[in-house]
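For reference, the structure is listed below as structure tokens.
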Amino acid sequence: MLNAIGREIPEGLGTPYSGEMLKPSGRAAGHTIKLSRPHENKVLPCIKEAIKQSGLKDGMTISFHHHLREGDHVVSMVLAAIDELGIRDLKLAPSSLNKCHDFIIDYIKKGVITSIETSGLRGALGKEISRGLLKNPVIIRSHGGRPRAIETGELHIDIAFIAAPCADSAGNINGVDGPSAFGSIGYAMVDAKYADTVIAITDNLRKYPIEPISIPSTLVDYVVCVDSIGDPEGIMAGAVRFTRSPRELLIADLASKVILNSGLFKDGFSMQMGSGGASLAVIRQLKDAMKEKNIRASFGVGGISGPYAKLLEEGLVEKLLDVQCFDLQAVESLKNNKNHLEMDASYYANAYNKGCAVNNLDIVILSALEIDTDFNVNVITGSDGEIMGASGGHSDAAYGAKLTIITTPLMRGRLPIVVDRVQTIITPGSSIDVVVTERGIAVNPKNAELNERLKDAGLPVCSIEELKYKAEKITGKPDPVQFGDKIVGIVEYRDGSIIDVIRNVID
Amino acid sequence: MISSKAGTEEKNDCIIEMEPLNKGEGIKIEIESPIRKQFGRHIRNTVMEVLKERGIEDVKVRVIDKKALEFTIRARMETAIERSGGEKSETSANTFVCAGK
Numbered sequence: 001m002l003n004a005i006g007r008e009i010p011e012g013l014g015t016p017y018s019g020e021m022l023k024p025s026g027r028a029a030g031h032t033i034k035l036s037r038p039h040e041n042k043v044l045p046c047i048k049e050a051i052k053q054s055g056l057k058d059g060m061t062i063s064f065h066h067h068l069r070e071g072d073h074v075v076s077m078v079l080a081a082i083d084e085l086g087i088r089d090l091k092l093a094p095s096s097l098n099k100c101h102d103f104i105i106d107y108i109k110k111g112v113i114t115s116i117e118t119s120g121l122r123g124a125l126g127k128e129i130s131r132g133l134l135k136n137p138v139i140i141r142s143h144g145g146r147p148r149a150i151e152t153g154e155l156h157i158d159i160a161f162i163a164a165p166c167a168d169s170a171g172n173i174n175g176v177d178g179p180s181a182f183g184s185i186g187y188a189m190v191d192a193k194y195a196d197t198v199i200a201i202t203d204n205l206r207k208y209p210i211e212p213i214s215i216p217s218t219l220v221d222y223v224v225c226v227d228s229i230g231d232p233e234g235i236m237a238g239a240v241r242f243t244r245s246p247r248e249l250l251i252a253d254l255a256s257k258v259i260l261n262s263g264l265f266k267d268g269f270s271m272q273m274g275s276g277g278a279s280l281a282v283i284r285q286l287k288d289a290m291k292e293k294n295i296r297a298s299f300g301v302g303g304i305s306g307p308y309a310k311l312l313e314e315g316l317v318e319k320l321l322d323v324q325c326f327d328l329q330a331v332e333s334l335k336n337n338k339n340h341l342e343m344d345a346s347y348y349a350n351a352y353n354k355g356c357a358v359n360n361l362d363i364v365i366l367s368a369l370e371i372d373t374d375f376n377v378n379v380i381t382g383s384d385g386e387i388m389g390a391s392g393g394h395s396d397a398a399y400g401a402k403l404t405i406i407t408t409p410l411m412r413g414r415l416p417i418v419v420d421r422v423q424t425i426i427t428p429g430s431s432i433d434v435v436v437t438e439r440g441i442a443v444n445p446k447n448a449e450l451n452e453r454l455k456d457a458g459l460p461v462c463s464i465e466e467l468k469y470k471a472e473k474i475t476g477k478p479d480p481v482q483f484g485d486k487i488v489g490i491v492e493y494r495d496g497s498i499i500d501v502i503r504n505v506i507d
Numbered sequence: 001m002i003s004s005k006a007g008t009e010e011k012n013d014c015i016i017e018m019e020p021l022n023k024g025e026g027i028k029i030e031i032e033s034p035i036r037k038q039f040g041r042h043i044r045n046t047v048m049e050v051l052k053e054r055g056i057e058d059v060k061v062r063v064i065d066k067k068a069l070e071f072t073i074r075a076r077m078e079t080a081i082e083r084s085g086g087e088k089s090e091t092s093a094n095t096f097v098c099a100g101k
């Protein structure tokens, strides 16, 4: 049947997206309970031993978190040990996956992994899964959708493997100390609370107790010390530099003018920024306006990068709420600045708790792989239909913020970005207020007031159909991509309803 | 007419390789492009159009596309034709200058 935004959702996959947030009922899930004895030893000699002790069996669910990004060594070490133990048919439920995880293809082929639930998929793994490698469709969840699924019991984690830059013998963990420090450990905090068994894997085993403690010993079953949990260069793969691209600078200039004229740019405003070059340039422009008008932001949210940490240091933003650090400056800031707060993924973006951070946002700037004339946004599949991105916090922040701005170039190479129909919907158009491109700004007709404000400010406002026309005039109208009948991906909206499905790519 | 080549591997550019064929063999086009599914037909049409404009009938054209816009493909085609010693047209002097390498 068609869901509320016109996507064909086959029967039996779940509740189609209704256009509104579904209301939950019932009680939260929980982990098994156990007796801990005085002076018990939690430190085990190797990962294999910890897996044996955990009771991992065929058909169970294992989880990881993606704070080590392209530098992650943990998934690879754990899957190798699981394979050697002959365990098969596992569900892999990481917070996200990166290009460095292409080796998972081999474990899928061997039958070690038969299902995946994640925010993102990239590289060769994304390509292969798009072509039907995996027996079951991959489930794509947002950063808020995943903790919802865990807390409601929709996603039960049997064993959580936690990459710990710093851990003590009792299992206390933080992410800010040690050679593989990555900063906030926010995604893993949820896994630790709800998984039946929690295994900390560290390359920095310290004397009990460590400080600070992000994940407490009360949640951790075993600790394993290895040579290295991550490659620091890969950990910083999210690091961004200030863009010199004239096109990105132009987009940033227009986006900051949208903010300045939105009516929300006043003392105490709050904001989430992406890590892309354009949003960084927006920060730089806003900074000047903030100093000039004596405006301070009350808080910033999200994955935090160095330039954001700098705003905190300069007193232009009062607090940072951080689920993931994008670079070393952010890690240092989290470690040293008491106004830089670590938060878990549920606190960040879960719609099914009693108040998440994105619900308090004024402004968010987000990117798009494609946006259609209904303002629906795709950040997961390329325009050829291959899975190559991540849902991330896109739909969560877009839903929570008063003003959701999409910044994107109008074209990438020959591909028009504003299109009739995006390949895959991650965020419904109802959450998007305005799209800013280098060739014009289109306001969602639902926000007529903003449209007037931006027009009055002399900004180049036009309809989204006009943007689409401008792009196609230069690129030509692309031919539609053909797909097969196999569903390779199910995209859950933040409430767990199905907003779209991804079908297999045909070569 | 001799074999020729124009264009670069830069983003938004394309490489055109041309090879003369014997009379009567017709036009053969090979396209490599990351956006072949969406734009393969467009690229083929552009190549055919330029060949027709120049009256070239027996040739093999290989397009290695890096998401070039239509006018770029046209310009690279024109240059490749010039370099092959193929038929001249009124626009040839201009296209040679702007097509570069």
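From first to last, the protein sequence lines stand for chains R and P.
Just so you know, we're using our numbering here: the first sequence kicks off at 1 and counts up by one.
Just so you know, we're using our numbering here: the second sequence kicks off at 1 and counts up by one.
Cβ coordinates follow ideal geometry from the N, Cα and C atoms, glycine included.
> What residues of chain P sit near L369 (chain R), judged by a beta carbon separation below 8 angstroms?
Replying inline: Going along chain P, no residue has its Cβ under 8 angstroms from L369 (chain R), so there is no contact; the nearest lies around 14 angstroms.
>> Closest to D485 (chain R) by C-alpha separation, out of R:E8, R:N3 and R:L2, would be which residue?
In response: R:E8
> Can you name the residues of chain P whose CB is closer than 8 angstroms to the CB of G476 (chain R)?
Replying inline: F39, H42 and E70
> Does DSSP put H73 (chain R) in a helix, in a strand, or in coil?
Replying inline: coil
>> Per DSSP, what are the beta-bridge partners of L415 (chain R) in this structure?
In response: R:R412
> Listed from N- to C-terminal order along the chain, which residues in the segment 456–467 of chain R have their beta-carbon within a distance smaller than 7 angstroms of any beta-carbon of chain P?
Replying inline: none
>> Check whether chain P comes within 9 angstroms of E20 (chain R), counting only Cβ atoms and requiring the distance to be less than that.
In response: no
> Roughly how many angstroms separate the alpha carbons of G24 (chain P) and V59 (chain P), rounded to a whole number?
Replying inline: 10 angstroms
> Going by DSSP, what residues sit across from G230 (chain R) in a beta bridge?
Replying inline: R:D72
> My guess is that A351 (chain R) and D495 (chain R) are in contact by the Cβ rule of under 8 angstroms, so how many angstroms apart are they, rounded?
Replying inline: Right, the Cβ-Cβ distance comes to about 6 angstroms (below 8 angstroms), so this counts as a contact.
> Can you list, in chain order, the residues of the segment 355–384 of chain R whose Cβ is nearer than 8 angstroms to any Cβ on chain P?
Replying inline: S383 and D384
>> Tell me the DSSP secondary structure of P24 (chain R) in three-state form.
In response: coil
> In whole angstroms, what is the alpha-carbon distance linking K335 (chain R) and I304 (chain R)?
Replying inline: C-alpha separation (whole angstroms): 13 angstroms.
> How should E248 (chain R) be labelled, buried or exposed, when 16 other C-beta atoms within 10 angstroms of its C-beta is the threshold for buried?
Replying inline: buried
>> Taking its Cβ as the centre, do 16 or more other Cβ atoms sit within 10 Å of L13 (chain R), making it buried, or is it exposed?
In response: By the neighbour-count criterion, in which a residue is buried when 16 or more other Cβ atoms sit within 10 angstroms of its Cβ, L13 (chain R) is exposed.
>> Suppose contacts are defined by Cβ-Cβ distances below 9 angstroms. Is G144 (chain R) in contact with S395 (chain R) by that definition?
In response: Yes, the Cβ-Cβ distance between G144 (chain R) and S395 (chain R) is below 9 angstroms.
>> Let me make sure I understand the geometry here. Which of R:L467, R:N41 and R:F375 has the alpha-carbon closest to that of S169 (chain R)?
In response: R:N41
>> Excluding the 5 residues flanking Y107 (chain R) on each side, which residues of the same chain have their C-beta closer than 7 angstroms to its C-beta?
In response: L79, D83 and I113
>> Given this structure, state the Cα-to-Cα distance separating N45 (chain P) from M77 (chain P), to the nearest angstrom.
In response: 12 angstroms
>> Using a Cβ-Cβ cutoff of less than 6 angstroms, which residues in the same chain neighbour A200 (chain R) once the five nearest sequence positions on both sides are dropped?
In response: I162, A164, A167, G171, I173, V220 and V223
>> I need the DSSP call for Q329 (chain R), collapsed to helix, strand or coil.
In response: helix
> With a CB to CB cut of under 6 angstroms and the five nearest residues on each side skipped, what residues in its chain are close to G429 (chain R)?
Replying inline: D374, F375 and N376
>> Count Cβ pairs between the segment 277–295 of chain R and the segment 250–258 of chain R that sit closer than 8 angstroms; are there 3 or more?
In response: yes
> With burial defined as no fewer than 16 other Cβ atoms inside 10 Å of the residue's Cβ, what is the status of R439 (chain R): buried or exposed?
Replying inline: buried
>> Check this for me: beta carbons of A124 (chain R) and I105 (chain R), under 9 angstroms apart or not?
In response: yes
>> With a threshold of 9 angstroms between beta carbons, is L415 (chain R) in contact with chain P?
In response: yes
>> Just verifying my parser: in three-state terms, what is the DSSP assignment at Y222 (chain R)?
In response: Three-state DSSP puts Y222 (chain R) in a strand.
> Expressed to the nearest angstrom, what Euclidean distance is found between the alpha-carbon atoms of V501 (chain R) and F483 (chain R)?
Replying inline: Looking at the two C-alpha atoms, the distance is approximately 12 angstroms.
>> For K66 (chain P) and K28 (chain P), I'd like the C-alpha separation in whole angstroms.
In response: 20 angstroms
>> Measuring only the C-alpha atoms, how far is T118 (chain R) from K135 (chain R)?
In response: 16 angstroms
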